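Residue numbers (my numbering), protein chains in the order written: chain S, 3 to 342; chain R, 3 to 342.
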């Protein structure tokens with residue numbers, strides 16, 4: 003980026019990198035100097051590539067929000083307090099330059115960062131001849147232990163925060179609109195807008211992640227690749243089985259209206275759709291009351307969707323799924339078109 | 003990367019992410035869980051893009067080394083002990099796949115990481131339609147204070163570790179060889195090989211950075227964009243001036259033979275060439291003896307190249323440069339072709 007790089011870094015520093023909690027030296031030196039204040043550290047890094055993880059015509063505001071949100075969601079799943087981020091931007095040549103683009107990008111970043119008191123403390127800006135590529139590293143702090151994938155135990159209840167499937171349904175519409183492979187369906191402008199907001203600006207469940215860890219929950223994961231795929235990571239890591247009621251999955255009012263009684267749509271959107279950035283938690287029934295209380299205190303929906311069972315030899319898959327109390331076959335594909 | 007992504011992550015985990023100091027939970031969960039053991043944190047992130055920061059035909063071994071080294075060099079400049087890294091790989095489609103490529107890449111990463119006891123604790127692998135792009139986040143620890151750019155004071159001596167300019171000279175040869183703009187010069191195969199090794203596998207001065215901070219040095223920066231450009235960042239941040247003896251800059255035996263008495267070559271390579279990944283330090287004369295001792299203990303060359311002066315109004319530039327004790331004009335361009 004030559005001279006432009008320093009101008010860009012200065013812009014990021016002055017707008018997003020001002021003094022923050024535990025920041026002893028932020029953007030502008032060889033590295034940031036941060037004070038964990040005797041606590042433990044949690045670190046994650048995610049990369050988004052244009053046309054793979056987002057549409058190239060995305061509004062910079064939404065792109066910044068999402069790039070930050072997907073990383074914060076990982077910290078939330080560990081039960082960490084989010085603190086600091088580093089951002090790497092690889093920018094392709096752009097006729098109009100990046101002046102207005104960066105303004106909008108920084109506004110989106112700030113909107114989410116300020117909610118959670120997160121400071122940008124470093125990163126890199128480089129030029130690329132390829133698609134716009136962003137990497138974000140998020141750093142958080144925990145006092146005691148973290149929630150992890152390998153800690154589900156038979157008898158645990160399986161919980162999900164918020165609602166699932168909105169982003170996947172919105173992606174279907176966005177793909178069809180762009181002449182790509184997706185599944186169209188009729189919906190109102192208001193429904194569309196509600197779904198699209200969930201797709202573009204996911205809400206990392208940081209506050210609830212911390213509260214759940216404080217309640218004593220040991221097992222959690224963020225739901226980003228689709229509930230079934232992510233749950234299966236927990237089951238595999240923990241060596242357990244789960245029984246899940248498909249019809250118990252939490253749907254937004256809009257998606258409930260659209261999915262109706264069609265189990266195929268329930269499978270496509272909330273079960274395997276992805277990009278929800280909700281939390282999946284597994285916890286003993288004794289924690290049900292405090293968890294419900296913590297969620298209520300945050301006005302966050304929290305839904306029990308199934309149980310963890312011991313693995314048995316005669317179970318062909320890790321998940322037994324029911325629909326209206328009847329066992330139904332698992333979908334053949336769990337994957338999803340990531341994050342566009 | 004679909005299924006390939008998980009295989010790749012497992013490969014990275016099992017080869018580069020095994021148990022390490024302070025790693026309570028490494029690759030395989032939503033985020034890594036790390037123990038700073040009550041110390042302060044230092045964090046940096048750098049991104050390399052094919053054909054911008056490295057030749058696309060680079061050996062994966064060397065690419066991994068360099069991507070790690072440039073980040074560790076930033077930690078060294080702060081005086082930090084390097085501990086943990088996160089790696090994001092955006093990989094373009096490749097006919098031969100990434101099996102053998104990754105083997106070589108991991109070997110290069112490991113060669114440098116094991117020298118400094120650094121564990122890979124997270125990251126991301128994604129597909130891209132653009133050039134191969136790598137982002138690395140490096141995390142280190144300090145006990146007390148860090149060395150910083152804005153702490154140079156009048157009277158300080160200016161020091162440089164190792165030698166400067168080899169990478170820039172090697173880049174000249176590599177560019178000419180590829181039919182790009184560079185400055186060819188005759189050299190022997192042995193000279194070429196020595197220069198090229200410095201270009202491909204820079205040695206981050208982590209051990210010396212820690213020792214210098216322990217000696218009480220407050221001001222340092224890593225020399226990556228060219229000595230003059232990087233020194234000017236120190237001078238600007240500290241609000242001071244410097245007098246530098248161009249002919250005192252430390253050159254390798256090979257580069258000394260090639261640069262000879264030609265000040266134009268001294269300007270081109272050690273002064274403005276870049277990609278040295280040495281440390282520039284500014285420290286009061288009282289620290290000269292302990293710094294020399296620390297360097298000697300590590301068999302590392304350490305050279306005094308000038309002095310920090312107060313800024314005076316009649317000084318047109320931040321640096322007064324001499325050659326054989328005579329003031330000479332500064333070069334008109336300080337930039338460099340980055341890191342290819």
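The beta-carbon is built from N, C-alpha and C at its ideal position, and this holds for glycine as well.
Please read all numbers here as calculations on a predicted model, not as lab measurements.
Asked, Found
"Within this structure, are the beta carbons of residue 161 of chain S and residue 324 of chain S separated by less than 8 Å?", "no"
"At a CB distance below 7 Å, what residues from the region 104-137 of chain S approach chain R? Give them in sequence order.", "123, 124, 125, 126, 128, 129, 130, 131, 132, 133, 135, 137"
"Considering just the uninterrupted stretch of the beta strand (DSSP E) at residue 83 of chain S, what are its terminal residues?", "83-93"
"State the beta-bridge partners of residue 159 of chain S as determined by DSSP.", "S:285, S:309"
"With 7 Å as the C-beta to C-beta threshold (strictly closer), list the residues of the region 185-219 of chain S near chain R in chain order.", "none"
"Residues in its own chain within less than 6 Å of residue 75 of chain S by CB, not counting five upstream and five downstream?", "206, 224, 279"
"Enumerated in chain order, which unbroken segments of the beta strand (DSSP E) with a length of 3 residues or greater are wholly contained in the region 100-183 of chain R?", "121-129, 135-144, 159-163"
"Pull up the CB-CB distance for residue 29 of chain R and residue 22 of chain R, whole angstroms please, since I reckon it's below 8 Å.", "Residue 29 of chain R to residue 22 of chain R, Cβ: 11 Å. No contact."
"Answer yes or no: does any C-beta atom of chain R fall closer than 8 Å to that of residue 151 of chain S?", "yes"
"Is the region 82-92 of chain S touching the region 171-191 of chain R in the sense that three or more CB pairs, one from each, lie closer than 8 Å?", "no"
"Within the continuous beta strand (DSSP E) that includes residue 321 of chain S, where are the two ends?", "321-325"
"Distance check for residue 128 of chain S and residue 138 of chain R, CA to CA, integer angstroms please.", "13 Å"
"Along the region 46-63 of chain S, what residues have a CB closer than 9 Å to any CB found in chain R?", "46, 47, 48, 49, 50, 51, 52, 53, 54, 55"
"Using 8 Å as the threshold, is the C-beta distance between residue 281 of chain R and residue 222 of chain R below it?", "yes"
"Should residue 322 of chain S be flagged as near chain R, meaning a C-beta pair shorter than 8 Å?", "no"
"Grouping DSSP H, G and I as helix and E and B as strand, with all else coil, what is residue 259 of chain S?", "helix"
"Looking at the unbroken beta strand (DSSP E) that takes in residue 42 of chain R, where does it start and where does it end?", "42-51"
"Where does the unbroken alpha helix (DSSP H) through residue 217 of chain R begin, and where does it stop?", "208-217"
"Looking at C-beta atoms only, is the number of pairs between the region 36-49 of chain R and the region 27-42 of chain S that lie closer than 8 Å three or more?", "yes"
"From the beta carbon of residue 37 of chain S, is the nearest beta carbon of chain R less than 8 Å away?", "yes"
"Does DSSP put residue 10 of chain S in a helix, in a strand, or in coil?", "helix"
"Report the option in S:314, S:227, S:264 whose CA atom is closest to the CA atom of residue 7 of chain R.", "S:227"
"Would you tell me roughly how many angstroms separate the C-alpha atoms of residue 179 of chain S and residue 210 of chain R, rounded to the nearest one?", "58 Å"
"Ordered along the chain, which non-local residues of its own chain (more than five positions away) have a Cβ less than 6 Å from that of residue 152 of chain R?", "239, 240"
"For residue 245 of chain S, which of helix, strand or coil comes out of DSSP?", "strand"
"Look at the alpha carbon of residue 198 of chain R and the alpha carbon of residue 265 of chain R, and state the distance between them as a whole number of angstroms.", "22 Å"
"What span of residues does the alpha helix (DSSP H) with residue 27 of chain R cover, start to end?", "It is not in any alpha helix (DSSP H) - residue 27 of chain R instead sits in the beta strand (DSSP E) that spans 25-27."
"Which of helix, strand or coil does DSSP assign to residue 205 of chain S?", "coil"
"For residue 269 of chain R, count neighbouring Cβ atoms within 10 angstroms of its own Cβ and tell me buried if that reaches 16, exposed if not.", "buried"
"Which same chain residues end up closer than 7 Å to residue 217 of chain S when comparing Cβ atoms and leaving out the 5 residues on each side of it in sequence?", "289, 292, 293, 296"
"Given a threshold of 16 other Cβ atoms within 10 Å of its Cβ, counted over all protein chains shown, does residue 328 of chain S qualify as buried or as exposed?", "exposed"
"Could you please give the first and the last residue of the uninterrupted beta strand (DSSP E) stretch that includes residue 98 of chain S?", "Run containing residue 98 of chain S: none; DSSP gives neither H nor E here."
"If the cut is a Cβ gap below 9 Å, which residues of chain R does residue 42 of chain S touch?", "26, 35, 36, 37, 38"
"Between which two residues does the beta strand (DSSP E) containing residue 35 of chain R stretch?", "34-36"
"With three or more beta-carbon pairs closer than 8 Å as the criterion, would you say the region 115-126 of chain S touches the region 89-96 of chain S?", "yes"
"What are the start and end residues of the alpha helix (DSSP H) that includes residue 294 of chain S?", "290-299"
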